[in-house]
Amino acid sequence: MQERLGIAGSGAIACGLAVTAARSGDVLLWARSDMSAERARTTVCKTCAKLTDEVLDPDRVRIVTELEALGEATFLVEAVVEHHGSKAAVLDELASHAAPDTVFATTTSSLSIAELAKATGHPDRFVGFHVFNPVTRMQLVELAFPEEANSHTRQRARALCDALGKTAVEVPDVPGFVVNRLLFPYLFSAVELRTQSGMSVEDIDSCMTLGAGMPMGPLALLDFVGLDVSMAIGEAIGAQVPQELIDLVDDGALGRKTRRGFYTYD
402 MQERLGIAGS GAIACGLAVT AARSGDVLLW ARSDMSAERA RTTVCKTCAK
452 LTDEVLDPDR VRIVTELEAL GEATFLVEAV VEHHGSKAAV LDELASHAAP
502 DTVFATTTSS LSIAELAKAT GHPDRFVGFH VFNPVTRMQL VELAFPEEAN
552 SHTRQRARAL CDALGKTAVE VPDVPGFVVN RLLFPYLFSA VELRTQSGMS
602 VEDIDSCMTL GAGMPMGPLA LLDFVGLDVS MAIGEAIGAQ VPQELIDLVD
652 DGALGRKTRR GFYTYD
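Residues in the sequence shown are numbered consecutively from 402, following the numbering used here.
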């Protein structure tokens, strides 16, 4: 990997991307606090241990708590919470520490790339770099560029995808890009069907896994993504978010990460 990758964030996407990149080079990962750093270290170690095709030293991911430490990187990826203000603030600070030729990226799944690019002051060196969870297994990266992005930025973004073993598809800068724009209306329709019909979550998911060949049922997938994240994506793409999903989020049932959503997890 020619780039020195720096990742701002410590959640599932950030850690999954860090482990994926560590297969071909050292990676810097920023966490907001010592507690977040410890959780990220645990996640990185567990993710490395789950790899079946290779043995990967988790120490190839260096975790830091000072954002300025990411100034060493040549390709900076913002991967914090899916909220414009939070992402813009991190991107703005990253830009203050970055070298003049650094490429900036965001893993947003639904927010405007053009607007986030403004936060860096360098839209010519900006890219939407939407990876999918679990990053170590999912092959697609949706690349969304602002109009100002130059050819060198585009080449470097595609080269990084190649180095990560991913397939890059350039998508338009529209809410939800391609995958989420098509996926979430389907997922939400499953929730509405459950509300209208009284069917169990298990039966709805079985219909789609056994009848349509889906690897995961729609309600299980919503739990996997996170119901709060799913609601935010739905709002961003202008979809009608089902009331049952809103009620679960209000109740703190966010899916797998809280061990309770449409399913209950032991």
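Using N, Cα and C, we set each Cβ at its ideal position, and we do this for glycine too.
Computed from a predicted structure; not experimentally measured.
Please give me, in chain order, every unbroken run of the alpha helix (DSSP H) with length at least 4 that falls completely inside the region 520–599.
552–564, 580–598
So, with DSSP's three-state summary, where would you put Val482?
Here residue 482 corresponds to residue number 81 of the sequence shown, with the count starting at 1. Three-state DSSP puts Val482 in coil, outside helix and strand.
Beta carbon of Leu544 nearer than 7 Å to that of Ala515:
Here residue 544 corresponds to residue number 143 of the sequence shown, with the count starting at 1. Here residue 515 corresponds to residue number 114 of the sequence shown, with the count starting at 1. Not a contact, by the Cβ cut-off of 7 Å.
Proximity winner among Cys449, Phe546, Phe530, Phe505, relative to Ala520 (alpha-carbon distances):
Within the sequence shown, numbered from 1, the residue matching residue 520 stands at position 119. Nearest of Cys449, Phe546, Phe530, Phe505 to Ala520, Cα basis: Phe505.
Which residues DSSP lists as bridging Ala409, in chain order:
Counting from one through the sequence shown, the residue named residue 409 turns up at place 8. DSSP output for Ala409 lists Trp431, Glu479 as bridge partner(s).
For Ala506, list the residues DSSP reports as bridge partners.
For this step, residue 506 is matched to residue 105 along the sequence shown. DSSP, once it has assigned bridges, lists Val478, Val528 as partnering Ala506.
In terms of residues, what are the limits of the beta strand (DSSP E) holding Val465?
Within the sequence shown, the letter at position 64 stands for residue 465. Where Val465 is concerned, the enclosing beta strand (DSSP E) stretches over 462–465.
According to DSSP, simplified to helix, strand and coil, what is Gly627?
Residue numbering aside, residue 627 sits at position 226 when the sequence shown is read from its first letter. Of the three classes helix, strand and coil, the one that applies to Gly627 here is coil, per DSSP.
To the nearest angstrom, report how far apart Glu467 and Ala500 are at their CA atoms.
Along the sequence shown, read from residue 1 onward, the residue named residue 467 stands at position 66. Along the sequence shown, read from residue 1 onward, the residue named residue 500 stands at position 99. Cα to Cα, Glu467 sits roughly 16 Å from Ala500.
Through-space distance from Glu603 to Val491, alpha-carbon basis
As a position in the sequence shown, residue 491 is number 90, starting the count at 1. As a position in the sequence shown, residue 603 is number 202, starting the count at 1. About 40 Å.
Within 10 angstroms of its Cβ, does Pro616 collect 16 or more other Cβ (buried), or is it exposed?
Counting from one through the sequence shown, the residue named residue 616 turns up at place 215. Exposed, by the Cβ-count rule.
Beta carbon of Cys416 nearer than 7 Å to that of Thr453
Here residue 416 refers to the residue found at position 15 when the sequence shown is read from its first residue. Here residue 453 refers to the residue found at position 52 when the sequence shown is read from its first residue. The answer is no: Cβ separation not under 7 Å.
I want to know whether the region 580–595 touches the region 554–562 - three or more CB-CB distances under 8 Å.
no
So, at 6 Å on beta carbons, what are the nonlocal neighbours of Asp624 in its own chain, with the 5 sequence-adjacent residues on each side left out?
For the purposes of this step, residue 624 is taken as residue 223 along the sequence shown, with counting starting at 1. Here the set comprises Gly656, Arg657, Gly662, Phe663, Tyr664.
Take His531 as the anchor and find which of Thr508, Lys447, Gln540, Leu512 has the nearest alpha-carbon.
Taking the first residue of the sequence shown as 1, we reach residue 531 at position 130. Selected option, being the one with the closest Cα: Thr508.
In whole angstroms, give me the CA-to-CA distance for Val481 and Leu584.
In the sequence shown, residue 481 corresponds to position 80, counting from 1. In the sequence shown, residue 584 corresponds to position 183, counting from 1. Val481 and Leu584: Cα-Cα distance of roughly 22 Å.
Which of helix, strand or coil DSSP assigns to Thr453:
Numbered from its first residue, the sequence shown carries residue 453 at position 52. Coil, per DSSP.
Inter-residue CB distance, Ser552 and Ile634 (contact presumed, cutoff 8 Å):
Against the sequence shown, residue 552 aligns to sequence position 151. Against the sequence shown, residue 634 aligns to sequence position 233. In fact, because the Cβ distance is near 31 Å, the residues do not count as touching under 8 Å.
Counting pairs of beta carbons, one from the region 638–645 and one from the region 606–614, are three or more of them closer than 8 Å?
no
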